[in-house]
Structures are given as structure tokens and as C-alpha cells.
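Working notes, structure below.
Protein chains: 2
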Amino acid sequence: MSTHYVSGPQLARLLGDVPQERPYNAALARAVCALVLDGRVAPRTRLPAERDLAAALGVSRTTVTAAYDRLRDEGYVESRQGAGSWTALPPTNMASFGARSAGGPRAGTAGGRFGMAHAPEGAEFIDLGCATPGAPALFEEAVAAAVAELPRYSSGPGYEPAGLAVLREVIAARYAERGVPTRADQIVVTTGAQQAFTLLLQTMVEPGASVLVERPTYPHALGALRRMGARLVPAGINEGWDIELIAGSMRQAAVGLAYTVPDFQNPTGRLMGADDRAALVAAARRADALLVADETFAELAHDPAAPRVPPLAAFDTGGRVISVGSASKLLWGGLRIGWIRATAPLARRLIVAREPMDMASPVLDQLIVRELLLRVEEVRAERAASLLRGRDALAAALRERLPGWEFEPPEGGMSLWVRLGAPVATLLSEAAERRGVRVVPGPVFGADGVLEDYVRLPYVLPPETLRDAVDRLALAYREVEAAPVSRPLPAYV
Amino acid sequence: MSTHYVSGPQLARLLGDVPQERPYNAALARAVCALVLDGRVAPRTRLPAERDLAAALGVSRTTVTAAYDRLRDEGYVESRQGAGSWTALPPTNMASFGARSAGGPRAGTAGGRFGMAHAPEGAEFIDLGCATPGAPALFEEAVAAAVAELPRYSSGPGYEPAGLAVLREVIAARYAERGVPTRADQIVVTTGAQQAFTLLLQTMVEPGASVLVERPTYPHALGALRRMGARLVPAGINEGWDIELIAGSMRQAAVGLAYTVPDFQNPTGRLMGADDRAALVAAARRADALLVADETFAELAHDPAAPRVPPLAAFDTGGRVISVGSASKLLWGGLRIGWIRATAPLARRLIVAREPMDMASPVLDQLIVRELLLRVEEVRAERAASLLRGRDALAAALRERLPGWEFEPPEGGMSLWVRLGAPVATLLSEAAERRGVRVVPGPVFGADGVLEDYVRLPYVLPPETLRDAVDRLALAYREVEAAPVSRPLPAYV
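These protein sequence lines are chains A and B, in that order. Heads up: the first sequence runs through residues 7 to 499, numbered per the numbering used here. Heads up: the second sequence runs through residues 7 to 499, numbered per the numbering used here.
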């Protein structure tokens, strides 16, 4: 049922000192829950047998049984006779990063699981877990235009595994505008960038293969890689890309594929320069590795009129760079449309491979994305204005209320990557949750449980909400600073 | 690059007697192409080295090189220096079953690859490969209603990994109407039934596990199972379900999961009776196996007012039946929406597992499906009337022009499963392609290359088109009857 396993001693080490509150089983349950919520214990990790955890913690088996029962009641643990117990996420906490209830507002009333998440009396819960905005102003118009086109398609079966030709042409033309000549048969439309990534991994990566990832990087890319059984080779980029080091890692670890986010990297917001791009492609060529460039944020420069660095693929002549694009951040996450740019032969292979996954992508969403891409500069201008306001409001509030926190305001993207000055990100996120604001701690963005001194703070919410969030974060941080750090740093073993 | 491999001797056996035409390399290329097109050699199968195939066929290596070159030019083979050659499907032939170009009409002008597909002078190509209709009459109204709801969602991030609550409630209510009490938290909305199936397999099936499948069954389910590395245990159902035999196979092969299409089975159109359903669930319980019931066709009875057999899940009390539903056949394939009904704990696990696959399903499609499901009886009545006309027209034309072919007109679904009286389905499909009609030969529906005496004939096209198709099939069949069957029966080894 589960592919990961955490032993009794390992879990005890991750738990650190569980507060000696009464009943202790409740404190233990709360501590396990925290590990699941902050991602240090992945969902569907098999838990140790009750007696093993009891032995490792030096408590009675009854205590552990009671704690597991509590976790089961709350949906953080599932069990089956004979199969043991494993971690889970209950529906309302499903979205600790990346996804919150659509349809509801992003700032909703928090649930009260284990008393972990409650906003201040009368205040709304603020979700800074999710770096994705609502649809742009043009959306309604684009939907109407797409609906008008729909009858041309709805009399047929509606399957087009490669994507609608009219959309592939617009995507190809956009690459050409950005400096990479591209034909429509090099484009595969996917059901979001996440499916694009899953499809690429299934097609290109054998289990056990070495894949280079940036540290920090996009958590769901790590999730997909882990599930594929890839061996992760992290390359630290908190100080920017060190292409020489990356080239060395590629060669030494026999990396066959590297996943990079060169444009307003998630979460750092960094933009890879032209020289680094050329050097990275050259390094990949020497190591005979493929480069998957996630361009989800590429169109989200805060100054849309500024000169642009060409896409990574512009530095490639050997079909070595595979580009992944997405409608989710630029347009809207509720449109499940992404795309892959590759060589035409690889595109054909991907199209064949995607059919048994999900057949094809939604037709109406494809038509809407096409309409919006035809007016992409208008969308970019709107996004830039709104994100710049958000970035500056968030940065100003942080400088005022939390002057010890360090960050470089990025020139694009949607988040600040903030250095706290102390390795307390997980504790901070727990304290923040109690004060009604969700933030994602650094370790979630790392393949190996480090980055405890960082949090990602997206600035897609309105400036007044961001200021409110920083007020709460400041209170949470004081609380964390005041309390002795009783837990050892978690080592993810 | 490729997971399957066919050796020189194996490929030679599959090829049988290649016609001794000149140039021979063209005849050889045509024969390999036919194996790929009819599914006996899967796409991305690694081909033998040229010298190995030359040795196995007793021809010169130059001949094989020339044949591979032809196949490469046409897109049926791809090669890479050092990695060898593997089979592929060129874009325009991508859809040999299940998918044809949306946007274009279903009857389009055929391409001329290897001279294999050309319609009679002036006639349109008829695609009977694809058993899926256009959108129903209500579609436009449903789209308008969904678009009116969209602003409630488009101001938020748009991700809802479980599916929109408003849709899950309607789906749950429909199960309850059909006799299976269901809560919304038992429903997971997926990006089509194919994604539902992939998700279930990834979550429930370990590589190498035994999975029972019907023979014949839905080809893309076989594709997903093969890719998952499952061991397929076929249960013949051409004469109906023999639950005693199925129960025996389950026990003997230690089957952990069985995939069944109990409602108007694809391709046979059979409907599993209530007694058989009860017995199947009991057998699964005894074997401790899960049952995945594909209900894609369940709402497509030709008499929508006739008494209905309850869903398979109605016979289950132990959470053993997992139901998969789909918008594709009942509503429209261009809406990429399916769903899973399971126990609430399993639904939660599936929601967690789907996020790294594709995050969530398209919001607008979900709203459209909801609108259509709220008026599902109207849609059912329209589908029933149109499919009944198609079924009767196809059956009458076959009885007149091909009286030796045998079939039982089904009470629901979209296809006749026709017994030819001779094991010539693949040859027939090739001859039919030359006459401008695409049919899917029986072996595509089997896990093990048998069923050569069957073809599936969908009746979703208009009656006059179906009559035209039967005229061409009759000519193709005469041609196949007249020619000595020079090839041995293909044995898929």
C-alpha cells in the first residue's frame, strides 16, 4: 500500500522532544501531525508498529495506540488489518502547499485539527501556501470567444492527443517571438505542466536514474521524481547557479536529466543569465544529459517591457533542452493546460505515451488558453502591475516588522524567498498556522530536508492581506524566538 | 528508450510471408507498418538490429536497412545513434483506435502512407476506429450555464484535487439514484476515466502483480496495465461472463485486482446480470481481490426507461468494488472529466496521489459536466434514440451485405462485436483501410494476440455513413476471401 517506511527510531528522531503535556498521547499525535503537514514525513509513509515506536520513545504501547487512534480519527493516519498504518492527509488539509479550495476564497476560515490552525478571533485565515493568482481581467472575454469556437469541435469526438492544432500554432509562434524558432509539430499540449512533467519522466527516466534538481525547487516536481524512483542529485542555488559545480555534479553522478527553472525560479525568483544558460547547455552536452526547463514563470517579469533573456532552448542546437510551459500561473490554474516543446520526433513519442495516461487535454480549456495567448502582452502587463504591487507591499512590511529577515526582491515570479536568520522554518510555520496564516517552510522545497532557515512568501494576495499576514508572522516569530528550541534539527533519514 | 523488444526471429515470425513484390524492401516496410498499425507490435518496441532481422528473414542487410529507412521516413520507426531503432506512430495515424482528429470531421480524407489508406475516388474516409459521439443537443445550454457559474471560481487559484464539491455531490446523488448510497467524499473527480484508471493502478497495483482482465476488453486499459508492468490474466467473455471460471482464475493466479466493464461491455456490448454481479463480488471477496468496474457505458441503454441492473457496487458491502465513471461517451470526449467512487479513506489516498500526476481537473469542464448530469435523463434519451438508429442501420446492412458475419445486437453501448467466421480480422482491416474505412481488428482488444476472427464496429456515425462503410467492408472481405491467406496466424510471443 505504501512505498516509504519510517522506523521507530527514525520517527522518534524526527519527533524530537514531544512536549510533556497531558494527555501525552495527544501531544504525540500533534507532533506526528506536524511532521506530516510540513512534509518531513510524506503522505503514505508506512508508520512503525506501535510497540516499535513505544520502545523508541520510551513510552507505553497504550500511549502510542491512543495517539495513532487520534491521528486516524483526524484523517492523518490510515490503517488496514494486516497492512499496518500509514500517514495520510485529510481533505481539508490536502493543500498544505500548492492547492487550496478553488471556489472558496483563498482566505477562508481555518479548520481546528488538533487546535493547530485557527485565525485570530474574527479574522480570516490567510493562505500563503499557494503561489497562484485568480484569472486575469481578459478571462471572461477569452471564455466567450472560446465558447463561440466550440461548435467547430463539439460535433466530433473531441480527442486530440497532441493538442488542438490552433493552440499548438500559437504556442509555437510565441516561442519564435521569444527567440526560439519552433514548428507546431514540436509542441505537445498537456493537461497542465504537472502532467507534462510526469509524462516526460515516464518517457525519459528509468527508476534509479540520477536526476539533477535545484535546491530549493518546486515541491511537486520533487514529488513526481520521488514517485518515479529517481535518485535526486541536488544543486544548491540559494546564491545563484554555479554552472561549474552543476557540471561537475552532472558528470560525477552520471546525471541523465536535469530539472531547472531558469526563469524567475520557484521559489527563489532568480533569473538565469544568458552566459549561464549557454554554459549549462554546454555542460549538459558534455555530460550527455537532457535539460528539462520549467518555464512556468517565464512570462511573469515585473517589467514586461524590459529586455528578455532568451529561453534556455535558444542556446541549444542538439535537441537537448525540453521546455515545459504552463497556463496555471500566467493565465489561471483552473485551466488545466500546459505544454512541452521538444524535437518533433520526441514530441511524437510523448503523444503516443500520453494516450494511456489521460488520452487528451480538455478542448474548451485549450481554446481559452489560445485566446489568452493571442493577447499575451495584455495579460503580462496586468500580471506585472499586480505582482509588483504585491512584491513591494510584502517587502516593505517585512522590512518594517521583521528587519532581521533577508531577501532579494526578484524581477519576476510570485514569491519572496526569505532567509530567517535561524533554522526555525518548521516551528515558525506551526506557530503561524496557530495565528491564522499558512506559510510553507524551506524543507518542503529541498530534496533532503535542509533549508530550515528559509520560508517562501508568495505575493499574489492583495497588499492589505499581505501586510496583515506579516503582522501575524511577526507575532509567530517572536513566539518561536522566545521559546527554547527543544527539538533537534530534523534529519530526514 | 523503450521497454519492449522484439528479436529478429520473433519479428520474422510475426511478419509471416512478406509478399515477394519489388522492391522487396518496400513490401517489408509495409508489412512492419501493418504490425504496428494493428497493434501486434506496440509503439516504442525496440526493433532488432538490421543484421539480425536480415538473418532471420534470409535477406540482405541492405534490404532491411532500406526498409527501416522507409519506415523512418514515414514516421513508423525512430532511431538514435547508439540506442537503436524502435517503432513509432506518425501523428496522422496516431488514432488507429480511440482517437481521431477533433476539430476535423470524423470522416476526413485519408493519408497515403505506403498506399495503405485511400478512400474510393471522391469518397470520404470513414473512421470506425473511434466509438465516441459528438456532444449532445443540450451541450450549448450547459456550457452557457457553466460559464455563468465560472466567476465564482475564477477569482481563486482554481485547484481542487478532489474535484469541485458541487460536481461531487451531483455524481454521488446519481449513484444513490441508481441504487448505491454514496456520499460526496467517496467521489474523486479525475481528468477523464483514463486518468482515473492510471491513478488507481499507480496506487493499488505493484509491478508484476496479477490483474484479471476480460477478453476482449478496452485497449487503453490494457495499455495502462502493460505500462504498469502488471501480469495480465485474461478471462474470455465472448460467450458471456463465466463467474465460476473467473473465480478460479482469481484464486489460481493470486489476482489482486480485476478490471471489468459490466455495463454494455466494450467491445461486446454485454450487460452483466444481477446474479453474476453478486457472484463476482463474492468471488472477489473470497480471493481478497479488488474489482475495478468501468462504468463508461452504464448510462447508455438503448431503452432508457427499461428496468436497470444495479451497479456492481450495489452488491458490495466491504469496499471491494471501485467504480470508474466517465463523461466521454455519455456527454462528450472533449470534456476531460471522469470520476472514481470508492470508500472515503481510499478516495483521500487517491486525491493525495493524483496531485503529483496532474494537480486537479479543469474547472470549466467540471461545471459543464455538472449541468449535463443534472439533466442526465434528457441526455440519455437523446443518446438512446440516436444509437438505436445507428445499431439497427448497421445490423441491417451487415445482414444484407455480409450474412455470414455473426453478432448479437446489444441493448446498450455503441458497438457491434462481430464474428467474421474466419481468422482474418487483421487482413480485413488492412484491406478495409485501402478502401477508405478504418476498423479495429479483434487482437487489439485482447491481451494475448488472439481474437483474429472478430472486429468491433461502432455505430455512432449517421446511418447512411454506416451503410456506406458496410459496402466497403463487404468489398474488402471479398478481397480477403479471394486471396490465399499467405501469412500464418500471428503468435504474439
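Cβ coordinates follow ideal geometry from the N, Cα and C atoms, glycine included. All values derive from a computational prediction rather than experimental measurement.
What do you reckon, are the CB atoms on L373(B) and E155(B) nearer than 8 Å?
In the second sequence, the residue the question calls residue 373(B) occupies position 367. In the second sequence, the residue the question calls residue 155(B) occupies position 149. Here L373(B) is near E155(B), since their CB atoms are less than 8 Å apart.
So V195(A) and W345(A) are in contact, right, with Cβ under 8 Å, and what is the actual spacing, rounded?
Residue 195(A) sits at position 189 when you count from the first residue of the first sequence. Residue 345(A) sits at position 339 when you count from the first residue of the first sequence. The beta-carbon separation of V195(A) and W345(A), rounded to 5 Å, stays under the 8 Å limit for a contact.
Looking at the unbroken alpha helix (DSSP H) that takes in E84(A), where does it start and where does it end?
Looking up residue 84(A) in the first sequence gives position 78. Counting along the chain, E84(A) falls outside any alpha helix (DSSP H), though it belongs to the beta strand (DSSP E) covering V83 to R86.
Would Y74(A) pass as a contact of V65(A) if the rule is Cβ separation under 8 Å?
Within the first sequence, the letter at position 68 stands for residue 74(A). Within the first sequence, the letter at position 59 stands for residue 65(A). Not in contact: Y74(A) and V65(A) (Cβ atoms no closer than 8 Å).
At least one CB of chain B closer than 8 Å to the CB of F451(A): is that the case?
Counting from one through the first sequence, the residue named residue 451(A) turns up at place 445. With respect to chain B, the C-beta atom of F451(A) has no partner C-beta closer than 8 Å.
Among the candidates A259(A), A227(A) and R405(A), whose CA atom is the shortest distance from the CA of D294(A)?
Stepping through the first sequence from its first residue, residue 294(A) is reached at position 288. The option with the nearest alpha carbon to D294(A) is A259(A).
Neighbourhood of G242(B) by C-beta, 7 Å cutoff - its chain only, sequence neighbours within 5 removed:
In the second sequence, residue 242(B) corresponds to position 236, counting from 1. Taken in chain order, the residues that qualify are R221.
Going along chain A in order, which residues have a C-beta closer than 9 Å to the C-beta of H226(B)?
By one-based count along the second sequence, residue 226(B) stands at place 220. Ordered by position in chain A, the residues that pass the 9 Å Cβ test against H226(B) are E361, P362 and M365.
So, G88(A) versus A55(A), is the Cβ gap smaller than 8 Å?
As a working note, residue 88(A) is residue 82 in the first sequence. As a working note, residue 55(A) is residue 49 in the first sequence. Their beta carbons are not under 8 Å apart, which means G88(A) does not touch A55(A) by this criterion.
Less than 8 Å between CB atoms is the rule here; does G339(B) satisfy it with respect to chain A?
Within the second sequence, residue 339(B) is the residue found at index 333, counting from 1. Cβ-Cβ to chain A under 8 Å: yes for G339(B).
With 7 Å as the C-beta to C-beta threshold (strictly closer), list the residues of the region 200-216 of chain A near chain B in chain order.
Against chain B - using a Cβ distance shorter than 7 Å - the residues of the region 200-216 of chain A are Q200, Q201 and T204.
L297(B) vs R326(B) beta-carbon contact at 8 Å:
Counted from its first residue, the second sequence places residue 297(B) at position 291. Counted from its first residue, the second sequence places residue 326(B) at position 320. Yes, they are a contact pair.
Given this structure, state the Cα-to-Cα distance separating L17(A) from D454(A), to the nearest angstrom.
The sequence position of residue 17(A) within the first sequence is 11, counting from 1. The sequence position of residue 454(A) within the first sequence is 448, counting from 1. Each residue's Cα considered, the two are about 16 Å apart.
Hey, does C136(A) have any beta-carbon neighbour from chain B nearer than 8 Å?
Start at 1 with the first residue of the first sequence, and residue 136(A) comes out as number 130. Yes, C136(A) lies at the interface with chain B (some Cβ there is under 8 Å from its Cβ).
Any idea if D26(B) is buried or exposed, counting beta-carbon neighbours within 10 angstroms, 16 or more meaning buried?
Translated into the one-based positions of the second sequence, residue 26(B) becomes position 20. According to the sequence shown, residue 26(B) is Gln rather than Asp. Exposed is the call here.
Mind listing which residues of the region 295-315 of chain B have their C-beta closer than 8 Å to chain A's C-betas, in chain order?
Cβ proximity to chain A below 8 Å picks out nothing from the region 295-315 of chain B.
Taking all protein chains shown into account, do 16 or more other C-beta atoms lie within 10 angstroms of the C-beta of T323(A), making it buried, or fewer, making it exposed?
Here residue 323(A) refers to the residue found at position 317 when the first sequence is read from its first residue. Counting Cβ neighbours within 10 Å, T323(A) comes out exposed, since fewer than 16 surround it.
Applying the 10 Å Cβ sphere with the 16-neighbour rule, what's the burial state of A41(B)?
Working through the second sequence from its first residue, we reach residue 41(B) at position 35. This sequence places Leu at residue 41(B); Ala is not what is there. Buried, by the Cβ-count rule.
Within 10 angstroms of its Cβ, does P29(B) collect 16 or more other Cβ (buried), or is it exposed?
Here residue 29(B) refers to the residue found at position 23 of the second sequence. A residue is called buried when at least 16 other Cβ atoms come within 10 angstroms of its Cβ; P29(B) does not meet this threshold and is exposed.
8 Å is my cut-off, CB to CB: does W160(A) come that close to chain B?
As a working mapping, residue 160(A) is identified with position 154 in the first sequence. The amino acid at residue 160(A) is misidentified as Trp; the sequence shows Ser. A Cβ of chain B is located within less than 8 Å of the beta carbon of S160(A).
Closer than 8 Å by C-beta to A182(A): which residues in its own chain qualify, once you throw out the five before and the five after it? Chain order, please.
Taking the first residue of the first sequence as position 1, residue 182(A) is located at position 176. Counting only residues of its own chain and dropping the five nearest sequence neighbours on each side, A182(A) has a CB closer than 8 Å to the CB of T188.
Grouping DSSP H, G and I as helix and E and B as strand, with all else coil, what is D23(B)?
Residue numbering aside, residue 23(B) sits at position 17 when the second sequence is read from its first letter. In this structure, D23(B) counts as coil in the three-state DSSP scheme.
Can you list, in chain order, the residues of its chain whose CB lies under 6 Å from that of P447(A), leaving out five sequence neighbours each side?
Locating residue 447(A) in the first sequence gives position 441, counting from the first residue. The beta carbon of P447(A) sits closer than 6 Å to the beta carbons of D44, A431, T432, S435 and V461 from its chain, once the five residues preceding and following it are set aside; these are given in chain order.
So with CB distances below 8 Å, who are the chain B contacts of F145(A)?
Locating residue 145(A) in the first sequence gives position 139, where the first residue counts as 1. Listed along chain B are S160, each with a C-beta nearer than 8 Å to that of F145(A).
Near-chain A residues of the region 321-355 of chain B (beta-carbon distance less than 7 Å), N- to C-terminal order:
Listed in chain order, the positions of the region 321-355 of chain B with a beta carbon within less than 7 Å of a beta carbon of chain A are W338, G339, G340, L341, R342, P351, R354 and R355.
Classify T138(B): buried if its beta carbon has 16 or more other beta carbons within 10 angstroms, exposed otherwise.
Numbered from its first residue, the second sequence carries residue 138(B) at position 132. With 16 or more other CB atoms across the displayed protein chains lying within 10 angstroms of its CB, T138(B) is buried.
Give me the chain B residues within the contact set of G229(A), using Cβ-Cβ distance strictly less than 8 Å, ordered along the chain.
As a first step, residue 229(A) is located in the first sequence; it is residue number 223 there, counting from the start. Going along chain B in sequence order, the residues near G229(A) (Cβ under 8 Å) are E361 and P362.
What are the start and end residues of the alpha helix (DSSP H) that includes A403(B)?
As a first step, residue 403(B) is located in the second sequence; it is residue number 397 there, counting from the start. Here the alpha helix (DSSP H) through A403(B) covers V382 to R407.
For T196(A), which of helix, strand or coil comes out of DSSP?
Mapped onto the first sequence, residue 196(A) falls at position 190. Looking at T196(A) - three-state DSSP - the assignment turns out to be strand.
Cutoff 8 Å: T235(B) Cβ touching any chain A Cβ
Translated into positions along the second sequence, residue 235(B) becomes position 229. For the record, residue 235(B) in the displayed sequence is Gly; it is not Thr. Using beta-carbon distances, G235(B) does not count as an interface residue toward chain A, since no partner is under 8 Å.
Between the region 469-478 of chain B and the region 415-429 of chain B, are three or more C-beta pairs nearer than 8 Å?
Contact between the region 469-478 of chain B and the region 415-429 of chain B is absent, because fewer than three Cβ pairs lie under 8 Å.
Sequence-distant residues of its chain with Cβ nearer than 6 Å to P494(A) (five each side left out)
The residue given as residue 494(A) occupies position 488 in the first sequence. Note that P494(A) scores 48 on pLDDT, short of 50, meaning its location in the model is unreliable; the coordinates nonetheless yield the value given after this. Excluding residues within five positions, the ones whose Cβ falls inside 6 Å are G22.
In its own chain, which residues sit with a C-beta less than 7 Å from the C-beta of A482(A), not counting the 5 before and 5 after it?
Stepping through the first sequence from its first residue, residue 482(A) is reached at position 476. Short of 7 Å from the beta carbon of A482(A), and not among the five residues preceding or following it, lie these beta carbons of its own chain, in chain order: L434, A437, A438 and R441.
Beta carbon of G419(B), beta carbon of N272(B): below 8 Å?
One-based indexing of the second sequence puts residue 419(B) at position 413. One-based indexing of the second sequence puts residue 272(B) at position 266. In this structure, N272(B) lies closer than 8 Å to G419(B) by Cβ.
Is the beta carbon of A390(A) within less than 7 Å of some heavy atom of the ligand GDP?
This structure does not include the ligand GDP; it has no bound ligands of any sort.
Status (buried if at least 16 other CB within 10 Å, exposed otherwise) for L218(A)
To locate residue 218(A), count along the first sequence from 1; it is residue 212. L218(A) comes out buried.
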